[in-house]
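Note that full-length UniProt numbering gives residue 97 to position 97 of the sequence shown, counting from 1, and the numbers run on in steps of one.
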Amino acid sequence: MSVQVFRGADSLAHVDALRSVYVDVFCAPPWNEDESTGDAFVRRLAGDAARGGFTAALAFAGAEVVGFATAWTTGTPFPTGRCYPQVAAGLGPERTADWLCGALEIDELAVRPGARGRGVAGELLAAVTADAPGGRSWLLTSTCSPHAVSFYRHRDWTQVTHPSPDGQGIVVFLGPHHPARGLAALPSPPP
1 MSVQVFRGAD SLAHVDALRS VYVDVFCAPP WNEDESTGDA FVRRLAGDAA RGGFTAALAF
61 AGAEVVGFAT AWTTGTPFPT GRCYPQVAAG LGPERTADWL CGALEIDELA VRPGARGRGV
121 AGELLAAVTA DAPGGRSWLL TSTCSPHAVS FYRHRDWTQV THPSPDGQGI VVFLGPHHPA
181 RGLAALPSPP P
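Here is the structure:
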């Protein structure tokens, strides 16, 4: 297995393979997305590749793409589409601006089921965050996947928001080298 890093639109040469991995991962439990989200991902990826700092790390087993991670630099002012309002509500306006704007935002991390358990996800995450500005990287994930939450915790990412009172929704993590890691009241880890 090898990991290759692509900048900007260079990753789009592998768009069919990225869509295939996306569907394998996110149309299965716990995400349970409809297969049409793979097409939406491809459309979004074309625009995302033009974002400042866009980076994609792809894991190859021979010629087959078995996983990928994508990231870009979060803009200023903080975006308002997708899940960004939930992030801003969880952190508050000052922390959102100070901690996330200008930081590397990990958007997607996906590894085919047959390639899991071999450190592929950790290698992808390390590759895509290697050049995070000032070590500042962040991501959000859904609490519907305790495995994802546990994965980031075990890689020294710091959870800095709490899920909603019913335990549902998204949580924000700061990367291992983010200077604000110790500034937030941390949620209690699960038993």
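Cβ coordinates follow ideal geometry from the N, Cα and C atoms, glycine included. Bear in mind that the values here come from a model prediction, so they are computed numbers and not experimental data.
- Burial of residue 178 is indicated by the presence of at least 16 other C-beta atoms within 10 angstroms of its C-beta.
- In this chain, residue 20 is not harboured by any beta strand (DSSP E); it is covered by the alpha helix (DSSP H) spanning 15-26.
- Contact between the segment 57-70 and the segment 93-110 is present: 3 or more CB-CB pairs across the two stretches fall below 8 angstroms.
- Around residue 9, the same chain offers 49 as residues with beta carbons nearer than 6 angstroms, after the five sequence neighbours per side are excluded.
- Residue environment: residue 132 is assigned as buried (16 or more neighbouring CB atoms within 10 Å of its CB, all protein chains considered).
- For residue 6, the enclosing beta strand (DSSP E) covers residues 2-7.
- Membership of residue 38 in the alpha helix (DSSP H) is indicated by the continuous run 36-48.
- For residue 105, the enclosing beta strand (DSSP E) starts and ends at 104-111.
- When 102, 118, 151, 95 are compared, the shortest CA-CA separation from residue 135 is found for 102.
- In terms of Cα proximity to residue 144, the closest of 16, 14, 28 is 28.
- Residue 52 carries a coil assignment under DSSP once its states are collapsed to helix, strand and coil.
- Selection 82, 112, 142 evaluated against residue 60 yields 112 as nearest (Cα-Cα).
- By the criterion of a C-beta distance shorter than 6 angstroms, residue 100 is surrounded in its chain by 74, 138, once the five residues flanking it on both sides are discounted.
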